[in-house]
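So in this note's numbering, spot 70 of the sequence shown is number 78, and the numbers just go up one at a time.
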Amino acid sequence: MPILAYREALNQAMSEEMRKDPSIFLMGEEVGFYDGAFKVSKGMLKEFGPMRVVDTPITEAGFTGVGVGAAMVGLRPIIEMMTFNFAILGLDQIINNATKLHSMSGGQLKVPMVFRGPNGSAKRLASQHSQSLESLYCHIPGLKAIAPSTPKDAKGLLKSAIRDNNPVICFEAQALYGTKGEVPDGEYTIPIGKADIKREGKDVTLIAWSKMLLLCLQTADFLAKEGIDAEVVDPRTLRPLDMETILESVKKTHRVVIVEEAWPYGGVSAQISDRIYYGGLDDLDAPIERVCGEDCPIPYAKNLEEAALPSSEKIIAAVKKVLYLK
């Protein structure tokens, strides 16, 4: 299979869908002439023109609202947020309009749109540009949430999101844009709401998504050198959750560590823990451990930033705790 960068896989997904469906358009800050802040939309303005690749002012609430209105009248907008730290300014449009209009109209209106862009920390971007905000959006009924960790998943999930008749939010870890992986040739999609076992194992289940998934795969290799066989589960979709796949893994390993870049209080990992305790308590041989970002704003200093984020050392300590090895 061809090897593509994560950003290239996202570009392919949007371009392929836009060639097939003229109702799809991309809108956001610097998506056109600048080819996107992270070059995800490179070449799309040249191919599709300024009516379908629309540069906007720095007005998240404004262009998010324009996208909602466009979706209401039959178009299928893709709204790029330069980062989800800035998307907070569009929360009113997302929460009070995009996610509610189908219900409030008695099913008469559909809002088929995608909100996508970088989420989480990169390197030394400080507190206001390093936030992992998944749990904020996953709390909202009416909004589906995907968080692909590989180029293959990024393309397949984004294509499914664009075709969905509901609003979908796509979290793209900023640190993943340059990562590379195999992407199948030809047409394919990945269903929203279906998890994936990224590594088979028997001793402990590691659950993670987006950038943390890659950290868990690296950590699983370290654990293997100590004779610990970790299974790595990628939910891929955070809402709705594929609990069937997660619970099957728990039934096999009997121990769970969930890794989340975001803060621990009210996090997605807390929701997953709750669902495991509710549906798989009898299969657990140890309490669930969560490895999250520290409960503080992300510092700017390199050493403090690293200390505030999950690490292999923290994950290994949690694994040994559930295995009663320390």
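All residues carry an ideal CB built from backbone N, CA and C; glycine is no exception.
Residues that A153 bridges to, as DSSP identifies them = I177 and R247
What do you get for R132, buried or exposed, if any count of 16 or more other CB atoms within 10 angstroms of its CB means buried?
-> exposed
Sub-8 Å separation of H137 and T91 beta-carbons | yes
If you follow the beta strand (DSSP E) that C300 is part of, which residue opens it and which one closes it?
-> E297 to C300
Contacting residues, own chain, Cβ-Cβ under 7 Å from L225 (five flanking each side not counted) = K206, R207 and V240
If you run the structure through DSSP and keep just helix, strand and coil, what is L333?
-> coil
Local conformation of N47 per DSSP, three classes | One detail in the question is off: residue 47 reads as Lys in this sequence, not Asn. In the structure shown, K47 sits in coil (DSSP, three-state: anything other than H, G, I, E or B).
What residue does the alpha helix (DSSP H) around D170 start on, and which one ends it?
-> At residue 170 the sequence reads Ile, which differs from the Asp that was named. Unbroken alpha helix (DSSP H) run through I170: P159 to R171.
Per DSSP, the bridge partner or partners of P318 | According to DSSP, P318 bridges with nothing at all.
Span separating the alpha-carbon of E268 from that of E142 | 10 Å
Pairwise C-alpha distance: N173 and V191 | 25 Å
Between the stretch 277–295 and the stretch 159–171, do three or more beta carbon pairs fall short of 8 Å?
-> no
Y285 versus D303, R263 and K163, residue with shortest Cα-Cα distance | R263
Is there contact between the stretch 106–114 and the stretch 144–152, where contact requires at least three CB pairs shorter than 8 Å?
-> yes
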